[in-house]
Structure formats: structure tokens, C-alpha cells
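>
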DNA sequence: TTGAAAGCGCTAACAA
DNA sequence: TTGTTAGCGCTTTCAA
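Residue numbers (the numbering used here), protein chains in the order written: chain A, 1 to 363; chain B, 1 to 363.
#1: Within the same chain, show all residues whose beta-carbon is closer than 6 Å to that of residue 334 of chain B, passing over the 5 residues directly before and after it, in chain order.
#2: If you follow the beta strand (DSSP E) that residue 232 of chain B is part of, which residue opens it and which one closes it?
#3: Are the C-beta atoms of residue 284 of chain B and some chain A residue less than 9 Å apart?
#4: What does residue 52 of chain B touch in chain A if you count any residue whose Cβ is under 8 Å from its own?
#5: In this structure, how does DSSP classify residue 360 of chain B when only helix, strand and coil are distinguished?
#6: Quick one: measure Cβ to Cβ for residue 172 of chain A and residue 145 of chain A, integer angstroms, because I've assumed they're closer than 8 Å.
#7: Would the stretch 72-83 of chain A count as touching the stretch 43-54 of chain A if we require 3 or more Cβ pairs under 8 Å?
#8: Step through the CB atoms of chain B and report whether any lies within less than 9 Å of the CB of residue 81 of chain A.
#9: Anything in chain A within Cβ reach of residue 202 of chain B, meaning under 7 Å, just list it in chain order.
#10: Classify residue 259 of chain A: buried if its beta carbon has 16 or more other beta carbons within 10 angstroms, exposed otherwise.
#11: Taking beta-carbon pairs under 8 Å, can you tell me which members of the stretch 310-322 of chain A lie near chain B?
#12: Here's the rule: buried if 16 or more other CB atoms are within 10 angstroms of the residue's CB, otherwise exposed. What is residue 300 of chain A?
#13: Any contact of the stretch 228-241 of chain A with the stretch 190-203 of chain A, i.e. 3+ C-beta pairs under 8 Å?
#14: From the DSSP output, read off the bridge partner residues of residue 323 of chain A.
#15: Quick one: measure Cβ to Cβ for residue 323 of chain B and residue 355 of chain B, integer angstroms, because I've assumed they're closer than 8 Å.
#16: In three-state terms, what does DSSP make of residue 238 of chain B?
#17: Can you list, in chain order, the residues of its chain with a C-beta nearer than 7 Å to that of residue 370 of chain A? Leave out the 5 residues immediately preceding and following it.
#18: Would you say residue 281 of chain B and residue 307 of chain B are within 9 Å of each other, going by their C-beta atoms?
#19: How about the stretch 148-167 of chain B and the stretch 136-153 of chain A: do they share at least three Cβ pairs that are nearer than 8 Å?
#20: Determine, for residue 126 of chain A, whether the minimum Cβ-Cβ distance to residues of chain B falls below 9 Å.
#21: For residue 286 of chain A and residue 188 of chain B, what's the separation of their Cα atoms in angstroms?
#22: Can you tell me which of B:208, B:194, B:213 and B:352 puts its alpha carbon nearest to the alpha carbon of residue 222 of chain B?
#23: From the beta carbon of residue 177 of chain A, is the nearest beta carbon of chain B less than 9 Å away?
#24: Under 9 Å, Cβ to Cβ, is there at least one residue of chain A near residue 297 of chain B?
#25: Between which two residues does the alpha helix (DSSP H) holding residue 145 of chain B run?
#26: Cβ of residue 145 of chain B less than 9 Å from any chain A Cβ?
#27: When burial is assigned at 16 or more other CB atoms within 10 Å of the CB, is residue 270 of chain B buried or exposed?
#28: Verify the CB distance criterion: does residue 129 of chain A have a CB-CB separation below 9 Å to chain B?
#29: So which residues of chain B does residue 101 of chain A contact, with C-beta pairs closer than 7 Å?
#30: Would you say residue 94 of chain B lies against chain A (beta-carbon separation less than 9 Å)?
#31: Taking residue 381 of chain B as the query, report the chain A residues whose CB atoms sit under 7 Å from its CB, ordered along the chain.
#32: What does the Cβ neighbour count give for residue 197 of chain A, buried or exposed, with the cut at 16 atoms within 10 Å?
#33: Excluding the 5 residues flanking residue 256 of chain A on each side, which residues of the same chain have their C-beta closer than 8 Å to its C-beta?
#34: Counting along the chain, where does the alpha helix (DSSP H) carrying residue 108 of chain B start and finish?
#35: For residue 230 of chain B and residue 328 of chain B, what's the separation of their Cα atoms in angstroms?
#36: Among residues of its own chain, excluding the 5 on either side of residue 66 of chain B, which ones have a beta-carbon nearer than 8 Å to its beta-carbon?
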């Protein structure tokens, strides 16, 4: 249905469908029929650019004009076409957010925060899923670059060097998150997976644990946590340190895998008294399996998770886990992009948000 | 940094920054500096429109031209500007997906499926969060309509009638999901919350339960499930049917609320032998609380969840719950929008995907 | 099958 | 403070 502008004769629209009298010029074409800035300007009795200023930089326009334009917008129900605006201004106000998958609790907090924070600043989030396995990363990249976003937030990995190079070449501001790499593409908000593994090992050692093991996802970051955990465990002289069972499950991790993980582990290495899991869901699985076998936590078995999911504090026993401040990461990342768009260059492009071990009952 | 086109003299670019000799015409402006279709066309020795056809409708050009254009794309690393394309063609290949929040497991599956399915068809997902509480729905709507998406998928609620009206007026295809309303804005893929409440009551009645209660979120849909559960319970003569404890927690629901819910319930109504929870997370909380009180499930207390989260089958005991096919909903919704964009009109705009009660150990 | 012209709806640049 | 002009990069329309 065509839009309805209350009391204004659309007589002077150059290509208004009404003037079928004149022969159509070669190459001319009809508009989609929506209300445009031009309609608003006409109704307000100003030039289009003035209407544009009234909407985008109200301070640059007289109060009188501002009022007239706002009235016209109100009456017509005009909604600016951001595609056109983006094309003309070379600012899309769109930010691409890439996660391996939106399923699973891991990246929820960051996606939520980014969407909310950016929306408050007038940006929209375009969601991309890279998948954990090798997939068409190049197709995703093409789709992203094609939209000319004002920023890209990468959570999880951009695997191919080719993809990283193209992203860099595109000139789009990039924020990598969830890791600390020495050579980021552009900006970085993350934390050290190695440090986490090390600190958890020390924590368990200080708690007097002797035989440690891990139940971990097989994605690269999980593996790095696990490797450094194993290394530090060995260095501290914890038994089977060099022999820590790497129990690789596919990402994203599940409770069921945690149950199975503990079962397998106990079969191979009955003396285990501490387990570091690569997610809280795995940890919950370990706890349930232990419970069903009559193994007492933490007396006989200490369990440490990763992620500090919202439910972890309410488990029985409460889960000791590693907390990552996803909200903080999201806010920093958003700030990076908003600042860059505003022409503000920050001195430090790498932020380490760290982590904390939340000490509860399970370890 | 300016883009680098290997061996092609950019002599004839109208506004090339190089020709600073001529005085700048009034109103002329510099391009963003990226590689455009025009550059590709020039390199391939064809007109821009021909290059455009080679990329969008390869069958409409000769194999020779196709090859030349593809070579040129390859050499330049050209990525089409979808903002410009969208403006010209009035097709944005963007779909807005609105959920109350991306936090919490409820809408993950549908967001995941939509993102993936639509990406495969060449569409990108723009994410919007409406929030559970009354919020700036109009601002969100403005942001959505401003992008001129080829479709909007609404999950959860569009509360204000004003918002619904504007969406309708915008002419954008709309798919509402997660509910069955008699008068959808446009298209609808959902299920009946009332039926779920009723069927769960019957299920528990058939299982010989006598005193039922609910632990439920306070969002509108949860309440509808709970209300019809209460009604049917009463009709079937289950004790306290008319007196079912409505235990309203704020959405999204949490495990902790489930624990507290059971605790409160037992205080008020000790004889309860069955509980219907409005989410699996609440159900898990109820189970943990029961466990910590030595209440045996299902012998003393039957528990039914909602959502069939991935972990529910691995709990101890396995959770009986209501399954909603989020993937199916996502696929149908995507299909609706893709078809509409292709001009295919479906006869039936309302799809009821139903639900199923997954019978496991807890009830 | 290819191309010339025009224009999608908006804003940058310049001028008054 | 307001307006004129041109053009963002692409695709539609029409013609050859």
C-alpha cells in the first residue's frame, strides 16, 4: 500500500507516478513509494538538506525550522533510510559481531552487552556465526565487508590468515576478544587462557590436592588453558601432572559430556582428587556423575569450572569456577568502536580484562 | 590507506584525487576510496552494468565477459557494497530478528537457526533486543525500519499496538513466532501455550498425582501456560487445583529461583506431589532443592520442565519436559521471508508447530 | 548480449 | 543559518 501523507499535494515530485502525461525519460525509474526526506522537507517548507540537519544535528538549525521539521516527521511517520544515509555519509552505523555459535552460554553475555550498548549509541548489531569447525569463513567475511560496517567484533577465532588479511585491508575497525594474542589485527579486549590454567593449578595445589585431571572442550583456547594447567600441575609436583588426562569433547560442551568425562577418567585413573573443567556445564556434569556414584564433593573430589554461569552459585555444592567479565568485555569493545568512529584514537589498543577464581564450595 | 589496484592506470576516474589540476567543481566530493564496481568494469573492459550482471546474474552475460569480470574481481579484491546495492534495488538482504534478550537458553536455538539458514540464502541477521520490561520499543522499531530489512522475525512480544501498527504500515514482511495469536500482523509460526498447560495437567493426572503446583516466570506466555494448567488441574479434580500457587519470578528464569520456589511452596503447601515449572532451569533448581531436602524425585515429587534444554536428558533423574522445536520454527520463519522476497505467496500464513511432552524419569 | 542514462534517498562540500 | 549542487556505488529502465 502506498504511504499516506495527510494534507499535502504531491504535485511537484519529479517522478511522481501521477504525471503519466509526460513521456518517461530514458532510464528513469519509479521510487519504492515510501516517504522520503524530500517529502518531509516539502511539508516543512525547507530544503531537504535542512530537514536532514534538523534530524541529525538539531543544534545547527533554528528552533523554528526544527519544530516545523519535527511536525512534518510526526505527521508523515517518516523513518530515515539508513541505507541511503550510510551510502552518502560512508557511515553505516552497523557493527558486525562474529561468534562461533550463539548456542551455548559462553558468548551470550558479550552478544547481549554489545547489542544493548551499541543500540544505545545508535548502532545496530549484525550477527555472524563462524562455526567451530572449518567453514565458509570467507563467505561470512564477504557478507560482513559488503555491508561496510563501522566495526567488527570478533569473538572466538578468525582462523585463516587470508581472512585476517582481508579484514585488515578493508580498513574496518576490528576488535578481537576473548583472548590475548601478541599481534592483534587492530584492537583487542581479552584475557590470558594460559594464566587461567596456571592459576587454577596453583589454587588446587594450595588446597592440598594431589592427583589432578581435566575434562575439557577441544577448541583451541580450552586446550591452552588445559595445557598450561597440566604444565603447572607437574611443576608443582602434583601426581599425574605430566599425565593429566586430556579429555577432548567437541565444542560447545555439554553436561552429558561432563558425566561421561568423569566416568572415563575414574576408570583410567581412580585416585583423582581434583578436576578442572573447561566449562561450568561440564563441571555440573561431573558433579552429577559424582553424586550418582556416591563420591562426595569437595571432600573426595574437588571440581573447578569455567565461565561462572548464572546457575553455578546455586548448585549443591556451589561451584568454584573461573569468572570472565563478559559484560566488561562487551562494553570495552563497544567503546573502542564508538570512539574510533568518533575519530578518537586510544593510546592502548590492547586491554587485558583478566579473570577471577570464584571460590565456592566445590573446591 | 588507499586501495591498490595492481596494473591499471586510474586515469579516467572522474573524481580521482590525482587530478588536482582542475578546480574542484562545486559540490563535488571524494569517494571513500574503495574499489568499486566501476573499477572492476574498467579493468575487465566492460560497462559497469555488465560487470554487475556478471556478478548477480551470470547467466545473462557471455562466458567470455564473465571470465574477464571474475578475473578483475579476483585481482582487485572487490567486495560489492551492499548498502549501495540495497538502495538501488530496494532489497537489503537484511532480516531483523527481535528477541527479548539473547541471554538465557530460550531463544538461542531460533536465533542460531535463523542466522544460519538466512546466511545460506544470502541474508544477514540484524539482532534486536526488546527487553522483557517496558522499554524503548519505538526506538528499536525505528532502527529496524530505517534499515529497510527484507523481513522481521519477532520472537517474544511486540507489546504496543502502536508498534505493531507501524510495522504493518511499513510493508515489511513480518513473522511472529513463539505463540499463536488469532490476529497476527502478517505471518506466524508458533504453538499454543494454553494447550501445553492443559496437556501437562492431564499428563500429571494420568500419572496419579494429586496435589499440583507451579513455579513459573512472570512473562505473559508463561502465565498463560500456568493459567491453563491450573484450570485443567481443577477440572480434573486434582487437589489445590483452584489454589495452585502462582510463583512468579522475573524472566529470564534462573536455577536459584527454582530452588527458592520449591522452598516457598513447601512451606505453604506441604502435600505437593507434582510441580510444573516454566523452564528447565527452574525445574533443575526444584530438583536440586528437593535433593538437598531429601525429597525423592519422582517418588515423592514429580517435576516437569519446559524447553527441553540440551542438558535435561542428562540430569539425575532425567527431566520430563515440554519440547519446542526451535530449529523448526527458525527454518519455517526463514522460509517465509525468503519466499516472500522471491514473490512466492504462501496460502497458509499461520503455522502451528505444536510441542511434545518428553517423558523421562522426573515425572 | 551489451550499454547509456537516470536515479535510489541521503549527506558532503561549497556558497550565500 | 539555509540552500545548491553533486555524487555515494549500485541497479532499473530503455534502447541497440
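Just so it is clear, CB atoms sit at the ideal spot from N, CA and C, and this is done for glycine as well.
Quick answer:
#1: Excluding residues within five positions, the ones whose Cβ falls inside 6 Å are 114, 117 and 118.
#2: Careful: residue 232 of chain B lies outside any beta strand (DSSP E), inside the alpha helix (DSSP H) at 220-235.
#3: Closer than 9 Å to some Cβ of chain A, the Cβ of residue 284 of chain B qualifies, so yes.
#4: Against residue 52 of chain B, chain A offers no close residue; the least beta-carbon distance is about 14 Å (beta-carbon pairs closer than 8 Å).
#5: In the three-state reduction of the DSSP assignment, residue 360 of chain B falls in the coil class.
#6: Rounded, the Cβ-Cβ distance is 7 Å, consistent with contact.
#7: As far as the Cβ criterion goes, the stretch 72-83 of chain A touches the stretch 43-54 of chain A, which means the pair count is three or higher.
#8: Judged by the 9 Å Cβ criterion, residue 81 of chain A is in contact with chain B.
#9: Below the 7 Å Cβ cutoff, chain A contributes no neighbours of residue 202 of chain B, its closest Cβ being approximately 29 Å away.
#10: The residue is buried, with at least 16 neighbouring Cβ atoms inside 10 Å.
#11: From the stretch 310-322 of chain A, only 310, 311, 313, 314, 315 and 316 have a Cβ closer than 8 Å to chain B.
#12: Label assigned to residue 300 of chain A: exposed.
#13: Short answer: they touch.
#14: Looking at the DSSP output, residue 323 of chain A shares a beta bridge with A:356.
#15: Sure, about 6 Å apart at Cβ, within 8 Å.
#16: If DSSP states are grouped into helix, strand and coil, residue 238 of chain B belongs with coil.
#17: The question about residue 370 of chain A has no answer here: the residues shown for chain A are numbered 1 through 363.
#18: Cβ atoms of residue 281 of chain B and residue 307 of chain B: closer than 9 Å.
#19: Output reads no: the stretch 136-153 of chain A does not touch the stretch 148-167 of chain B.
#20: So yes, residue 126 of chain A belongs to the interface.
#21: If I take the Cα positions, the gap works out to 41 Å.
#22: The shortest Cα separation from residue 222 of chain B among B:208, B:194, B:213 and B:352 belongs to B:194.
#23: By this cut-off, residue 177 of chain A is not an interface position.
#24: No - not a single Cβ of chain A is within 9 Å of the one on residue 297 of chain B.
#25: Its alpha helix (DSSP H) spans residues 137-146.
#26: Judged by the 9 Å Cβ criterion, residue 145 of chain B is in contact with chain A.
#27: Exposed.
#28: For residue 129 of chain A, a Cβ of chain B is located within less than 9 Å of the residue's own Cβ.
#29: Neighbours of residue 101 of chain A across chain B, judged by C-beta separation under 7 Å: 112.
#30: Taking Cβ atoms only, chain A reaches closer than 9 Å to residue 94 of chain B, which makes this a yes.
#31: This structure cannot settle anything about residue 381 of chain B, because the visible part of chain B is limited to 1 through 363.
#32: Classification for residue 197 of chain A: buried.
#33: These residues qualify, in order along the chain: 285.
#34: Where residue 108 of chain B is concerned, the enclosing alpha helix (DSSP H) stretches over 108-120.
#35: Straight-line Cα distance between these residues: approximately 29 Å.
#36: 54 and 58, listed in sequence order.
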